[in-house]
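Asker: I am attaching a structure below and will ask some questions about it afterwards.
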Amino acid sequence: MSSTSDEARNAELRRTAEGIRDDLQRLIHELEKVIVGHHEVIEGILIALLCSGHVLLEGVPGLGKTLLVKSLGRVLNLRFSRIQFTPDLMPADIIGTNVVMEDESGRKHFEFQGGPIFAQIILADEINRATPKTQSALLEAMQEQSVTVAGISHHLDTPFIVLATQNPIEMEGTYPLPEAQLDRFFLKLNVTYPSIQQLEDIVDRTTQHEPIRLQNILDGDRVDEMKEFVRTIPVAAHVKNYAARLVLATHPDSPYATDLAKRYVLYGSSPRGAQSLVLGGKMKALMEGRYNVSFEDLRTIAIPSLRHRVILNFEGAAAGIEQASIVAEILEKTPEVVRGT
Amino acid sequence: VGAASTVGEHMEPEETLQRLVHTLRRRAGWVRRRTLLLQAFFIGLCLCLGLAIWHRFVPLTVGQLLELWVGAMALCAIVALALGLRSRVDPLGLLIRADQTLKLRERLSTAYELATSPQPHPLRSIVLQEAARVGRSVNPFRVIPSATPRTLRWTPFLLLAIVLALVVDFGVLLPRSFVGGDERPSAALFEQGQQLEREGKRLEAEARRRGLERSMEASRRMQSLGQRLQNEKINEREAMARVNSLSEYVRNLEEELKKMAVLEDVSLSKVREVMVNQASISNEVQRLLGILGRGKLSPSEMRNLQERLQNFGQQGSVDERLSEALNQLRDGDLEGAREMLESYLLQDQMAQDFEHLQRAERALDRNFEHGSDPGEEMGTDASSGESSEDGDYEMAGAPRGGGGEFPGDFDEGDYLESEGMGSNSSVGSGRGTEQDTSRNRLTEAKSPASRIPGQTGEGGVRRSYVRALPLKADATIPLEDAITTYQKRAEESLLREEIPPNNRDLVRAYFLAIGLVEEAAGSEGKDEQHER
């Protein structure tokens, strides 16, 4: 009897997992109707979405970052909000403020008017154009999924994801993101320039026909279910150990640190990096139809998870060292299994 | 594996996983023991090589060597087996290895961890099922291949090294400082040793034929030294010097043998025996005369005298005068007996003086006959007489003078027993009355200084032990050259009366005896004039 119930439960779990995979596949397929290429970026955004994370998209202007985020908002049937970060943008412009309201009896009172942060998919466009003060207005919302105005906390709806874009080209009037802000991004994805075939495809799609209308694939509840299932994926102890060693290897003072990390890194990844690795690994496993996290899953997700958490020292910045190359060296030199672990 | 897979399909996922773990552990244990044994074999070979090298320096019998080899290999094998049986393989490690080898994406290891974890997990069943599904296709031989230790690649070289260690003589390859003292000498030394041994044998045969014991002994020593040169490692320079010295020694010995052959007929020992007996009889007769000189004797003293005279007869020294003296003593004629004994003593003294003269004459005759180097002459010590010393004789002209040493150069510890080495060295250079004879002697005195002491005839033997004489003595002037000056100064000393008058006869007798000075009337006349 119990075996039968176990079988039924297993079958249900399998169906759930397969349903998640199917939904994700449909989601990706729908997004790829308007987004040419950038498969890894789309996948990364979905991973961050199902892991309750946020994504920092970095790329030169005109590569479709904003389009991607807007399209995602449409297919997920989530409330979408776009914040164009400018140097004169103030925190209240993001999170909202108390305004004086007058009721029917003529009595005046303060009422909180939520800013654009009160949405489920936030596009923080060109986030590095705003001042650090304004950038930091996102901190609480990204970590706690709430904002506090005049001592009153206002919870944000779930799922909640911030997709920030920034231009890698150093320009006048840009403000690098503070480390605390960077650490709150689950992944940092690079939006690369499309290949010639992709470019031709982009031209065809945007000049010959009317803009494609995207369908809703998922809703917020389904996303929450999927997020819950993702967290049940087991991770073996030696795999977790590998993730921990990868994170520790980014610290120059760690015994696991590689040569590049020792030389060019000022600060390594925070524990959020390990969380990002493991959660991202779980999502990768689920997307591949597995029920356990492998070393390969961690390796796949390691660079987008860790590179923005590695702070270069002066020598590294002066030498133009890419954080991604440091993480790549860590992946190359860190053994998967160590005796005694 | 295929059969196991078929059965595994009907098993529970957890049981399948356990069975896979068991299979992998068994395989890992076998591979580990095999690896340890192979490594033990290699270490054993290394030990065998060490023993083979040790065998080169400290030779062992074949049996001992084999026993040590077998023992070393057995010890290594036992240690390897003990380590193999003690080792425990971690099942999780095996499953991780299987995951990595077969690229199973950590399915097996994660499932094993969930299966062994006490905490429940919502996906435990699914994970186990997935692991069982992929585990059925796991080939333990692929996961844990039986690899051969890389060190075994050196096995052929080790075997070759063992064979070489047993066969090759390291003395040829190693520098001389590494070669022990028992190494073979060089070819040149070996050849010289052979030559020396041959010469020694030839000399021994010659000495045996002539009945010369001392020469035989010396030749045996030569053979012994030759054998040592062939078999032992000696400093080459030293050895060559020794060989040269011995070669010269051999030549000199041959010359001496030739000279000795001339003197074979001289049986001095018999003469010496007679002289000893004669001397004792003379002394006894003098004592008897002393008793008779006291006048009247008691009957007991008379009997004692008679018995002593009878003893002379029993010793074989029968003389007419002694018999007559005995008869007169028995008749009670003491005066007659005394006169008879005094007559006997007088004649005996005359006989001795005559013998001295005869011997000096013989010595001079030999010089003239053989024309040999005066320094090599055989001489007797005339001052002490044959009866005063052991009667030992020594060849004159030894580099060290009267040391009675061999001129040969012998190794330390290689003692050479020399027979008849006298304490009285007779220097051999004389000056005759005829000027041409003296010139001949001086010319002949230019011959090499190293000479061989020898013994003339059979007699008392004294053994002297000498060691490592140099090839050449320290003296740079040949003895033959020096003796002329020495002789001249001795004569001048005689003329200057530096010699006490009562010793002049002694000195003169000495030079007469060694044959270097003629009993020239002129010289004697001068002495007499000086005495006067």
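Chains as they are written, first to last, in the working numbering: chain A, 211 to 551; chain B, 701 to 1232. The beta carbon of each residue, even a glycine, is placed where N, CA and C say it ideally should be.
#1: Counting only beta-carbon atoms, is residue 443 of chain A nearer than 8 Å to chain B?
#2: Tell me which residues of the region 479 to 494 of chain A have at least one Cβ-Cβ distance to chain B shorter than 9 Å, keeping chain order.
#3: If you draw a straight line from the C-alpha of residue 536 of chain A to the C-alpha of residue 522 of chain A, how long is it?
#4: Enumerate in chain order the residues of its own chain whose CB-to-CB distance from residue 296 of chain A is below 7 Å, with the five nearest sequence positions on each side excluded.
#5: Does the Cβ-Cβ distance between residue 360 of chain A and residue 810 of chain B come in under 8 Å?
#6: Flag this pair as yes or no: are the beta carbons of residue 403 of chain A and residue 267 of chain A separated by less than 8 Å?
#7: Whose CA, out of B:1030, B:759, B:1037 and B:981, lies closest to the CA of residue 992 of chain B?
#8: Check for me: the beta strand (DSSP E) holding residue 356 of chain A runs from which residue to which?
#9: Chain A partners of residue 814 of chain B, CB-CB under 9 Å?
#10: Since residue 336 of chain A and residue 391 of chain A should fall inside the 8 Å C-beta cutoff, what is the C-beta to C-beta distance between them, to a whole number of angstroms?
#11: Using a Cβ-Cβ cut-off of 8 Å, state whether residue 216 of chain A counts as contacting chain B.
#12: Can you pull out the residues from the region 225 to 240 of chain A whose beta carbon lies closer than 9 Å to at least one beta carbon of chain B?
#13: Between residue 844 of chain B and chain A, is any beta-carbon pair separated by less than 8 Å?
#14: Closer than 9 Å, Cβ to any Cβ of chain B: which residues of the region 528 to 548 of chain A, in chain order?
#15: Give me the residue from B:751, B:783 and B:1023 with the minimum Cα distance to residue 733 of chain B.
#16: Helix or strand or just coil, what does DSSP make of residue 322 of chain A?
#17: If distances are taken between C-alpha atoms only, which option among A:453, A:457 and A:265 comes closest to residue 400 of chain A?
#18: Going by C-alpha distance, which of A:249, A:247, A:253 and A:243 is nearest residue 493 of chain A?
#19: Leaving out five residues before and five after residue 480 of chain A in sequence, what residues of the same chain have Cβ atoms less than 7 Å from its Cβ?
#20: Please name the residue in A:544, A:498, A:543 and A:527 whose C-alpha comes closest to that of residue 804 of chain B.
#21: Note down the Cα distance separating residue 1041 of chain B from residue 1187 of chain B, rounded to an integer number of angstroms.
#22: Would you please state the rounded distance, in angstroms, between the beta carbons of residue 798 of chain B and residue 724 of chain B? I believe it to be under 8 Å.
#23: Note the first and the last residue of the continuous alpha helix (DSSP H) segment covering residue 300 of chain A.
#24: Short of 8 Å in beta carbon distance, which residues of its chain neighbour residue 1007 of chain B, apart from the five on each side in sequence? Order them along the chain.
#25: By the DSSP assignment, the alpha helix (DSSP H) with residue 408 of chain A in it spans what residues?
#26: Note down the Cα distance separating residue 781 of chain B from residue 864 of chain B, rounded to an integer number of angstroms.
#27: Rounded C-beta distance between residue 327 of chain A and residue 351 of chain A? I'm assuming under 8 Å.
#28: Taking 6 Å as the limit between beta carbons, can you name the residues of its chain near residue 433 of chain A, skipping five residues before and five after?
#29: To which residues of the same chain is residue 814 of chain B closer than 6 Å at the C-beta, ignoring the five residues directly before and after it?
#30: Would the region 843 to 854 of chain B count as touching the region 729 to 745 of chain B if we require 3 or more Cβ pairs under 8 Å?
#31: Tell me, please, whether the CB atom of residue 823 of chain B is closer than 8 Å to any CB atom in chain A?
#32: I'd like the span of the alpha helix (DSSP H) that includes residue 371 of chain A, first residue to last.
#33: Would you kindly check if the distance between the Cβ of residue 333 of chain A and the Cβ of residue 293 of chain A is under 8 Å?
#34: So, do the region 538 to 546 of chain A and the region 461 to 479 of chain A have three or more beta carbon pairs nearer to each other than 8 Å?
#35: So what's residue 292 of chain A in DSSP terms, helix, strand or just coil?
#36: Would you say residue 397 of chain A lies against chain B (beta-carbon separation less than 8 Å)?
Answerer: Let's see:
#1: yes
#2: none
#3: 10 Å
#4: Excluding residues within five positions, the ones whose Cβ falls inside 7 Å are 339 and 340.
#5: no
#6: No; because the gap between Cβ atoms is not below 8 Å, this pair is not in contact.
#7: B:1037
#8: 356 to 359
#9: 444, 446 and 502
#10: Wrong, their Cβ atoms sit about 14 Å apart, outside the cutoff.
#11: Yes - at least one Cβ of chain B is within 8 Å of the one on residue 216 of chain A.
#12: 227
#13: So, not an interface residue.
#14: Flagged, chain order: 546 and 547.
#15: B:783
#16: strand
#17: Among A:453, A:457 and A:265, the Cα nearest to that of residue 400 of chain A belongs to A:265.
#18: A:253
#19: 393 and 519
#20: It is A:498 whose Cα lies nearest to the Cα of residue 804 of chain B.
#21: 42 Å
#22: Beta-carbon to beta-carbon, residue 798 of chain B and residue 724 of chain B are separated by about 7 Å, close enough to satisfy the 8 Å threshold.
#23: Residue 300 of chain A -> no alpha helix (DSSP H), and no H or E assigned at all.
#24: Closer than 8 Å at Cβ, skipping near neighbours: no residue.
#25: 406 to 417
#26: 31 Å
#27: Rounded to whole angstroms, the Cβ separation of residue 327 of chain A and residue 351 of chain A is 5 Å, and the two are in contact under 8 Å.
#28: 369
#29: 821, 824 and 827
#30: yes
#31: yes
#32: Segment 371 to 376 is the beta strand (DSSP E) holding residue 371 of chain A; no alpha helix (DSSP H) there.
#33: yes
#34: yes
#35: strand
#36: It does not; no Cβ of chain B falls within 8 Å.
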